[in-house]
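Visitor:
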Amino acid sequence: MSGSGVRPARPPMAARVAAYIGLALLGVAVGAAGSLVQAAWFPLGLLLALLGAAALFYGGLRATGTQLGVVAPAAGWVAAVLLLSAGRPEGDGVFAGGLGEIVFLLGGTVLAVMCATMTRLPQPGGSSGRLGK
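Written out as structure tokens, the structure is:
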């Protein structure tokens, strides 16, 4: 432990809110792109779509250092995927209803939950943030 007791300064509230909104918009983009790619190039497209989602969720965690950094892009991802899977009154839809779509929906959700429940990132200066030290 360094003993200095100085914590790094947190970014202003407006910057954090902007980051979470940006992550949510990235989640919408990754969800929409993944919905199209996973069906177009079935086996590898599905893997690529899930890897993109995992990278976004974990990147949000690393960039913000909080679970909200995972929840924001995951909410955007879920919104895009659910809107694209709903279909239209004419019967058109992005998802055809096969195994790949189910794996994409459940896999992306599992990846978001896994990233959101990861342990907190270590704090600079060697402090783990535990109260019982």
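Residue numbers (our numbering): 919 to 1051.
Here a beta-carbon is modelled for each residue, glycine too, at the ideal position from N, C-alpha and C.
Since we're looking at a predicted model, the values are computed, not measured.
1) Is it the case that the stretch 956 to 969 contacts the stretch 981 to 999, given that we only count it when at least three CB pairs across the two stretches are under 8 angstroms?
2) Comparing C-alpha positions only, which one of 1008, 1032, 1031 and 1002 sits nearest to residue 1019?
3) Return the CA-CA distance between residue 967 and residue 951, expressed in angstroms with no decimal places.
4) For the alpha helix (DSSP H) containing residue 991, name the first residue and the last one.
5) Considering Cα atoms alone, identify which of 993, 998, 933 and 938 is closest to residue 1031.
6) Here's the rule: buried if 16 or more other CB atoms are within 10 angstroms of the residue's CB, otherwise exposed. What is residue 1024?
7) Among residues of its own chain, excluding the 5 on either side of residue 946, which ones have a beta-carbon nearer than 6 angstroms to its beta-carbon?
8) From residue 943 to residue 928, what does the alpha carbon distance come to, in whole angstroms?
9) Are the beta-carbon atoms of residue 974 and residue 1022 separated by less than 8 angstroms?
10) With the cut-off set at 8 angstroms, would you say residue 978 and residue 941 are in Cβ contact?
11) Whole angstroms are fine: how far does the CA of residue 990 sit from the CA of residue 939?
Guide: Considering the structure as presented:
1) No contact exists between the stretch 981 to 999 and the stretch 956 to 969.
2) Relative to the Cα of residue 1019, the nearest Cα in the group 1008, 1032, 1031 and 1002 belongs to 1002.
3) The straight-line gap separating the alpha-carbon atoms of residue 967 and residue 951 is approximately 8 angstroms.
4) Secondary structure note for residue 991: its alpha helix (DSSP H) is the uninterrupted segment 986 to 1004.
5) Measuring from the Cα of residue 1031, the nearest candidate turns out to be 993.
6) Exposed, by the Cβ-count rule.
7) Answer for residue 946: 994 and 998, listed in chain order.
8) Each residue's Cα considered, the two are about 23 angstroms apart.
9) No, the Cβ-Cβ distance between residue 974 and residue 1022 is not below 8 angstroms.
10) Closer than 8 angstroms, so yes.
11) So the alpha carbons of these two residues sit roughly 7 angstroms apart.
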